[in-house]
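What follows is a set of notes on a single structure, which appears directly below.
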Amino acid sequence: MKSTKEGCVEMTKNVHLQGKQKAMKESVLVIGAKGQIGSELVEELRRIYGDSNVIATDIKMPSDEFLNSGPFYQLDVLDFPKVSEIIRKHNVKQVYLLAALLSATAEQKVKSAWRLNMEGLLGTLELAREEKFKLFWPSSIAVFGPNTPRENTPQFTITEPSTVYGISKLAGERWCEYYFEKFNVDVRSIRYPGLIGYKSEPGGGTTDYAVHIFHEAIKNKTYECFLSENTELPMMYMHDALRATIGLMDASADQVKIRSSYNVGAISFTPKQLAAEIRKHIPDFTISYKPDVRQQYADSWPKSIDDSHARKDWNWKPEFDLKGMTEDMLSHIQAMVQHH
Ligand code: SER
-13 MKSTKEGCVE MTKNVHLQGK QKAMKESVLV IGAKGQIGSE LVEELRRIYG DSNVIATDIK
47 MPSDEFLNSG PFYQLDVLDF PKVSEIIRKH NVKQVYLLAA LLSATAEQKV KSAWRLNMEG
107 LLGTLELARE EKFKLFWPSS IAVFGPNTPR ENTPQFTITE PSTVYGISKL AGERWCEYYF
167 EKFNVDVRSI RYPGLIGYKS EPGGGTTDYA VHIFHEAIKN KTYECFLSEN TELPMMYMHD
227 ALRATIGLMD ASADQVKIRS SYNVGAISFT PKQLAAEIRK HIPDFTISYK PDVRQQYADS
287 WPKSIDDSHA RKDWNWKPEF DLKGMTEDML SHIQAMVQHH
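Residues in the sequence shown are numbered consecutively from -13, following my numbering.
Here's what the structure looks like:
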């Protein structure tokens, strides 16, 4: 009797342990972990899932601090055998594919942008089909174009993008829906507006001014903006972007009705309005305007976004407005500057 009982206990323990080990072993992979979104997303996912369960990869080597914070592989997303090997080795069940060239860079490097943005996605969709992981892929307000209604841009409307970046995002949305419909790949996507955060630098985008302006306001009290003063664009604070991303990935599959990509909105403003908000904190801040080629891209994009589908389907709701975002950005950047 005794031994049976003990055996039982032992077995229960083992089963329990196995269950725990299995749960522990499932991991999340972030491709493009050093970018504007990736660097913050990795931090947030590690907080949720535990450091060792979130695998970060990037084509570039990160800082020692990043290397010490959890597993990292230096990886070109187009090296699919290696991506596949990592996915198998770590029992990856969720992938965030964030490696891409943004609007301004893509215009300079047309072919490599198409290759990275498109083949990167197609290859990862194929892997998702084989390995059955849940995939997040970012789309953008850049899928819209000059013929799209610009105010409160609807979820389903004219999408005739005029940039290489926008074309790659629109094609990507079509591929996502296709892989969901034909192969049941659990792919989820958001059309990000311009993203603003203090922890990471954007690179090569048209909406980047809304990040640079804060750093310059604190360092030099002046900023030369590459968009004109009345260029209104949809924007979002990184805190909300992470909430939207993780919120969509956590939604149950049947809540996710749109498998191309969801409109998500938060704040809309012009450089002039943003400068006025900054001036409430730094009264002698000045701004000048010298629009460059990025003005054209901005002029083809929406001013504001109708995100009612995201709100209805998976309860999306932003938390930061222009005032809250400006206060938060300034106080964090100020603190960072004082620390150095
Ligand atoms: N923020 C991006 C860009 O400016 C738009 O998705 O390129």
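We put the beta carbon where it would ideally sit given N, CA and C, even for glycine.
Check: residue i C-beta below 7 Å from any heavy atom of the ligand SER
i    : result
L181 : yes
Y223 : no
G24  : no
T328 : Residue 328 falls outside the range modelled here, since the chain spans only -13 to 326, and no answer is possible.
Y82  : no
M253 : The sequence as given places Ile at residue 253; Met does not occur at that position. No.
G191 : yes
I73  : no
S247 : no
Y195 : no
L27  : no
Y164 : no
Beta carbon of residue i nearer than 8 Å to that of residue j
i    : j    : result
L87  : F122 : no
I273 : A261 : yes
I45  : E117 : no
L107 : I204 : no
I176 : Y248 : yes
I199 : Y184 : no
P288 : T145 : no
Nearest neighbour of residue i, chosen from the options [CA to CA]
i    : options                : result
G180 : E210, C162, V129       : V129
Y275 : T192, N216, Y184, A92  : N216
F306 : D226, E93, T110        : D226
T256 : P132, T193, H295       : T193
K15  : E137, V28, G21         : The displayed chain sequence assigns Leu, not Lys, to residue 15. Out of E137, V28, G21, V28 has the C-alpha closest to the C-alpha of L15.
Y178 : Q94, D292, A239        : D292
L61  : V78, F142, D50, A85    : A85
M235 : K120, I23, M47         : K120
G189 : T139, G21, Q94         : G21
Q320 : P304, L102, R280, E202 : E202
S246 : G131, A42, F212, R174  : R174
G310 : K95, E263, K68, E137   : E263
Y151 : I17, E112, A284        : A284
A114 : N54, K168, R136        : K168
Enclosing alpha helix (DSSP H) for residue i [first to last residue]
i    : result
D44  : Per DSSP, D44 belongs to no alpha helix (DSSP H); it is in the beta strand (DSSP E), 40 to 44.
F66  : 66 to 75
V150 : 150 to 169
K243 : Per DSSP, K243 belongs to no alpha helix (DSSP H) and is neither H nor E.
S98  : 96 to 100
S13  : No alpha helix (DSSP H) contains S13, which is instead part of the beta strand (DSSP E) from 13 to 17.
S214 : No alpha helix (DSSP H) holds S214; DSSP gives it neither H nor E.
F306 : Careful: F306 lies outside any alpha helix (DSSP H) and carries neither H nor E.
Endpoints, the beta strand (DSSP E) within which residue i is located
i    : result
E210 : 208 to 211
W123 : 120 to 126
P220 : 219 to 223
S175 : 173 to 178
V78  : 78 to 83
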